[in-house]
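These notes are about the structure you will find just below.
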Amino acid sequence: MNSTQQSNQNIENQICFSKKIESIGFFELRKFNLTQDLPIIYQWVQKEYAIYWGMMGLQYNEVKTIYQKLVENTHIYIGLFQGKIAFLLECYDPQEDIIKEHYEVKKGDIGMHILVAPPDKKINGFTWQIFKFILDFIFSNSTINRVVVEPDAKNEKIHILNEKAGFVFQKFIDLPHKKARLEFCTRQQYYHAIMNSN
Numbered sequence: 013m014n015s016t017q018q019s020n021q022n023i024e025n026q027i028c029f030s031k032k033i034e035s036i037g038f039f040e041l042r043k044f045n046l047t048q049d050l051p052i053i054y055q056w057v058q059k060e061y062a063i064y065w066g067m068m069g070l071q072y073n074e075v076k077t078i079y080q081k082l083v084e085n086t087h088i089y090i091g092l093f094q095g096k097i098a099f100l101l102e103c104y105d106p107q108e109d110i111i112k113e114h115y116e117v118k119k120g121d122i123g124m125h126i127l128v129a130p131p132d133k134k135i136n137g138f139t140w141q142i143f144k145f146i147l148d149f150i151f152s153n154s155t156i157n158r159v160v161v162e163p164d165a166k167n168e169k170i171h172i173l174n175e176k177a178g179f180v181f182q183k184f185i186d187l188p189h190k191k192a193r194l195e196f197c198t199r200q201q202y203y204h205a206i207m208n209s210n
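Residue numbers (the working numbering): 13 to 210.
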């Protein structure tokens, strides 16, 4: 590894957001590093629980090619819990995505995808804490007004989390790889939902 590569890796490993959640632990967020993180993410997407990520059965090099393209126009992050990799976050501009064909994109919109690591042990409410941490991070950017998601219509678990966080269902949409639920959550809707959640 040359000095430029080392410098780039150091930048990618810098923590860009962190938060301690009482009774749960310490969460951190850093930029995705293709070389060091992809082998771990590849293991996740081959497991049954990650079927809605749409990469099960793909070869490693196929997934690598996908992420090499994604990093060009998507902000990808690795989430850490107590210093260990716990989730993947992808944030994208809806104006640069096929989703723009299904609704009127507004200034301040951002799209997101989340993949949580397979659990080592059961922590009650862990995924919900990750979800809140991510939305806290996204809305810490004052230019972001609304989060747009398009989960697979069959993914019941994420629908429950979305609703709990304040997302509002808009309509079903047909994307090339799935039938999805288009849902929005504004900053105000999120904060209102959090005030009323457990």
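Beta carbons: idealized from backbone N, C-alpha and C, even for Gly.
Residue i and residue j: beta carbons closer than 9 Å?
{"i": "F145", "j": "F39", "result": "yes"}
{"i": "Y64", "j": "L50", "result": "no"}
{"i": "K43", "j": "I78", "result": "no"}
{"i": "F29", "j": "D121", "result": "no"}
{"i": "M216", "j": "Q58", "result": "One cannot answer for residue 216 here, as it falls past the ends of the chain, which runs 13 to 210."}
{"i": "F93", "j": "I142", "result": "yes"}
{"i": "T139", "j": "L173", "result": "yes"}
{"i": "I135", "j": "I206", "result": "no"}
{"i": "D132", "j": "G123", "result": "no"}
Can you tell which of the options has its C-alpha closest to the C-alpha of residue i?
{"i": "A165", "options": "T77, T155, K183", "result": "K183"}
{"i": "E60", "options": "G91, A129, I135", "result": "A129"}
{"i": "V75", "options": "D132, E34, Q26, I52", "result": "I52"}
{"i": "H228", "options": "E108, I97, T86", "result": "No answer is possible for residue 228: the residues shown for the chain start at 13 and end at 210."}
{"i": "G91", "options": "S152, S209, I27, H171", "result": "I27"}
{"i": "A177", "options": "A62, Q201, Q107", "result": "Q201"}
{"i": "K31", "options": "L70, S209, G95, I170", "result": "G95"}
{"i": "G137", "options": "S154, S209, I97", "result": "S209"}
{"i": "V45", "options": "I97, G69, I33", "result": "It is Asn, not Val, that sits at residue 45 in the sequence shown. Checked all of I97, G69, I33; the closest Cα to N45 is I97."}
Kindly indicate which three-state DSSP category residue i falls into: helix, strand or coil?
{"i": "Y202", "result": "helix"}
{"i": "F143", "result": "helix"}
{"i": "K166", "result": "coil"}
{"i": "D148", "result": "helix"}
{"i": "K176", "result": "helix"}
{"i": "A192", "result": "strand"}
{"i": "E116", "result": "coil"}
{"i": "Q36", "result": "It is worth fixing the name first, because residue 36 is Ile in this sequence and not Gln. Coil, per DSSP."}
{"i": "P131", "result": "coil"}
By the DSSP assignment, the beta strand (DSSP E) with residue i in it spans what residues?
{"i": "F99", "result": "96–104"}
{"i": "I185", "result": "180–187"}
{"i": "V160", "result": "158–161"}
{"i": "G66", "result": "Unbroken run through G66: none, as it is neither H nor E."}
{"i": "G123", "result": "121–128"}
For residue i, report the span of its alpha helix (DSSP H) as first-last.
{"i": "E74", "result": "72–85"}
{"i": "I53", "result": "46–57"}
> Should the stretch 107–123 be called in touch with the stretch 186–206, which here means at least 3 C-beta pairs below 8 Å?
Replying inline: Contact between the stretch 107–123 and the stretch 186–206 is present: 3 or more CB-CB pairs across the two stretches fall below 8 Å.
> Touch check for the stretch 195–209 and the stretch 150–160: three-plus C-beta pairs under 8 Å?
Replying inline: By the C-beta criterion, the stretch 195–209 is judged to be in contact with the stretch 150–160, since at least 3 inter-stretch pairs fall below 8 Å.
>> Using 8 Å as the cut-off, can you tell me whether the stretch 70–85 makes contact with the stretch 97–108, which would need three or more C-beta pairs spanning the two stretches below that distance?
In response: Yes: the two stretches touch, three or more of their Cβ pairs being nearer than 8 Å.
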